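Peer 1: Before we start, here is the structure in question, set down as structure tokens.
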Amino acid sequence: MFATACRIFWLITLVISFGVGQSLLAQSTPLNLNLERDWPWWRGPAGNGLVPGQQTVPTRFGENENLLWKSPVPGRGHSSPIVVNGKVYLATADEQDEIQSVLCYDLNNGKQEWQKTVNRGGFPANNHPKNTEASPTVASDGQRLFVTFFHHRQVELVAMTMSGDPVWTKKVCDFNPRMFEYGYAPSPVIFEDLIVVAAEYDGASFVVAYDRASGKEVWRTARPGGITFSSPIVGHVAGRDQLLLSGVGSITSYDPKTGTELWQVPGTALATCGTAVWNDDLVFASGGYPQSETLAVDAHGTGKRVWQNNQKCYEQSMILVDGFLYALTDKGVLYCWRGSDGQEMWRERLAGPVSSSPILANGNLYWANERGTIYVLRANSARFELVAENTLGSEIFASPAVSGNRLLWRVAEGTKENRKEFLYCFGNH
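Take 654 as the starting number for the sequence shown in our numbering and just add one per residue.
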């Protein structure tokens, strides 16, 4: 009873102090998480990159500055780290031996505690050079880990204990891209008792929900056939919980409890990779391929495109802060737009290309480009305000995680046969 009371306390604290993630209160099976300190899934507790509370992480960091530890990561992957109860989890792949696995590190000292193999063999013959065989980010409800992998011409969802032992495994669907052999990338998302997975390519495509305890399929909704890579996300918008997904030429909303389509608005592009963001009434998304477009749509189901422009955030997500939308485009130009009407507040040329998605911690945006440059800037709609510019390794595709005053980043150093990955942890000493 005490443990249940603690979980409810943390859920209430998150909503009061953070002002988002209202759907978390509806958990019929409470999450075994401390949502003030854990970073349990893609884009953090509320799925939008916002760090809860007043957690302060360093703005200046590197090999010789504010480094708490640095640990090698075997294999290759773009799976971003998550943090649950003092442990760090991420997915990785040995592309030569065709092994996909999940890793666990101690948050305090960076020691690798275990590596559990999930699959051997069956890797696709081709993949996009910017993608990997371990791109989806792990999700956790505090009792289990959930991870998706593409192998043997299928997408597979695996549930594990927090110690890496298997709980259940489900084949989501056949998956064998032919028009664009670019692999798979969407991360699973937790909503109430469900774990939701998207799988989209030039074949039978779906968004599917399973009971996170038993693995039983709860609902399955067909998606238009077309290769796209965006992760679904649940936001409380327009007065209700909505499962949001962009790609295949539209932004679409579903009822996350049933998979029923609520509305669809044409836009973004055929292929998108970034995750949608939202405020009280609007949903924002960007793509992609073949055209470039960022737009805002009415989340009440009117079908209205509130505004759009011709800028592109293809792989990276955007971030919404105090009603203003920040976007670091593929070309490395940072924009600040007013969310209500798309009015450009300012722009600043930085450097691209960009694949990592941003976070907001204590009023500062943290955003990396692929070359290892991490920009820290004040979330200021009035003007561009650079706080710091840091460099890590030679390649960053993964997005950061925050737990307490600790900032974690998956980074690669070197190229080709000399390429190695590391997990960095920074903190204010």
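Even for Gly, the Cβ is constructed at its ideal location relative to N, Cα and C. All figures in this text were calculated on a predicted structure; none of them were measured in a lab.
Should L1013 and V704 be called a contact, given that it needs their Cβ atoms to be closer than 8 Å?
Peer 2: The residue labelled residue 1013 in the question sits at position 360 within the sequence shown. The residue labelled residue 704 in the question sits at position 51 within the sequence shown. Against a cut-off of 8 Å, the Cβ pair of V704 and L1013 comes out as a contact.
Peer 1: Which residues share a DSSP beta bridge with N685?
Peer 2: In the sequence shown, residue 685 corresponds to position 32, counting from 1. DSSP lists no partner for N685.
Peer 1: Under 8 Å, Cβ to Cβ, is there at least one residue of chain D near V755?
Peer 2: In the displayed structure, chain D is absent; only one protein chain is listed.
Peer 1: Tell me which residues share the same chain as N761 and place their Cβ nearer than 7 Å to its Cβ, disregarding the 5 neighbours each side in the sequence.
Peer 2: Taking the first residue of the sequence shown as position 1, residue 761 is located at position 108. Same-chain partners within the cutoff: G739.
Peer 1: Does the beta-carbon distance from S724 to F1075 come in below 8 Å?
Peer 2: In the sequence shown, residue 724 corresponds to position 71, counting from 1. In the sequence shown, residue 1075 corresponds to position 422, counting from 1. A contact, by the Cβ cut-off of 8 Å.
Peer 1: Could you check what DSSP says for E718 in three-state terms: helix, strand or coil?
Peer 2: Counting from 1 along the sequence shown, the entry for residue 718 is found at position 65. Note: E718 maps to strand in three-state DSSP.
Peer 1: Around the Cβ of H1082, are there at least 16 other Cβ atoms within 10 angstroms (buried) or fewer (exposed)?
Peer 2: Residue numbering aside, residue 1082 sits at position 429 when the sequence shown is read from its first letter. Exposed.
Peer 1: Rounded to the nearest angstrom, what separates A746 and N963 at their Cα positions?
Peer 2: Taking the first residue of the sequence shown as position 1, residue 746 is located at position 93. Taking the first residue of the sequence shown as position 1, residue 963 is located at position 310. Between A746 and N963, the C-alpha separation is close to 36 Å.
Peer 1: For N962, which of helix, strand or coil comes out of DSSP?
Peer 2: The residue given as residue 962 occupies position 309 in the sequence shown. Strand at N962.
Peer 1: Whole angstroms are fine: how far does the CA of V811 sit from the CA of R1036?
Peer 2: In the sequence shown, counting from the first residue as 1, residue 1036 sits at position 383. In the sequence shown, counting from the first residue as 1, residue 811 sits at position 158. Whole-angstrom Cα-Cα distance: 45 Å.
Peer 1: Use the C-beta contact count for M971: other C-beta atoms within 10 angstroms, 16 or more gives buried, fewer gives exposed.
Peer 2: Here residue 971 is taken as the residue at index 318 of the sequence shown, counted from 1. With 16 or more Cβ atoms within 10 Å of its Cβ, M971 is classed as buried.
Peer 1: Compute the Euclidean distance between the alpha carbons of P841 and R1059, then round it to the nearest angstrom.
Peer 2: Position 188 of the sequence shown, counting from 1, holds the residue named residue 841. Position 406 of the sequence shown, counting from 1, holds the residue named residue 1059. Distance between the alpha carbons of P841 and R1059 is about 24 Å.
Peer 1: If you run the structure through DSSP and keep just helix, strand and coil, what is S676?
Peer 2: Counting from 1 along the sequence shown, the entry for residue 676 is found at position 23. Unreliable placement is indicated for S676, whose pLDDT of 42 sits below 50; the coordinate value is still reported in the next sentence. S676 falls in the helix class under three-state DSSP.
Peer 1: Can the beta-carbon of G878 be found closer than 8 Å to that of W916?
Peer 2: Here residue 878 corresponds to residue number 225 of the sequence shown, with the count starting at 1. Here residue 916 corresponds to residue number 263 of the sequence shown, with the count starting at 1. For G878 and W916, no; Cβs fall outside 8 Å.
Peer 1: Would F1050 and H731 qualify as a contact pair, given that the criterion is a beta-carbon distance under 8 Å?
Peer 2: Along the sequence shown, read from residue 1 onward, the residue named residue 1050 stands at position 397. Along the sequence shown, read from residue 1 onward, the residue named residue 731 stands at position 78. Against a cut-off of 8 Å, the Cβ pair of H731 and F1050 comes out as a contact.
Peer 1: DSSP beta-bridge partners for N761?
Peer 2: Within the sequence shown, residue 761 is the residue found at index 108, counting from 1. Paired residue(s): none; N761 is not in a bridge.
Peer 1: Rounded to whole angstroms, what is the Cα-Cα separation between W821 and Y742?
Peer 2: Position 168 of the sequence shown, counted from the first residue, corresponds to residue 821. Position 89 of the sequence shown, counted from the first residue, corresponds to residue 742. Between W821 and Y742, the C-alpha separation is close to 18 Å.
Peer 1: Using alpha carbons as the reference points, say which of C757, S1034, G992, S1009 lies closest to R696.
Peer 2: Here the question's residue 696 lines up with position 43 in the sequence shown. Ranking C757, S1034, G992, S1009 by Cα distance to R696 puts S1009 first.
Peer 1: Can we say the stretch 1018-1027 touches the stretch 999-1009, given the rule of at least three CB pairs closer than 8 Å?
Peer 2: Counting Cβ pairs under 8 Å, three or more are found: they touch.
Peer 1: Do the stretch 703-718 and the stretch 845-859 touch if we need at least three Cβ pairs shorter than 8 Å?
Peer 2: Flag = no, the stretch 703-718 and the stretch 845-859 do not touch.
Peer 1: From T905 to Q895, what does the alpha carbon distance come to, in whole angstroms?
Peer 2: Taking the first residue of the sequence shown as position 1, residue 905 is located at position 252. Taking the first residue of the sequence shown as position 1, residue 895 is located at position 242. Using only the alpha carbons, I get a separation of about 9 Å.
Peer 1: In terms of DSSP beta bridges, what is P625 paired with?
Peer 2: Residue numbering for the chain in the displayed model covers 654 to 1082; residue 625 lies beyond these limits and cannot be assessed.
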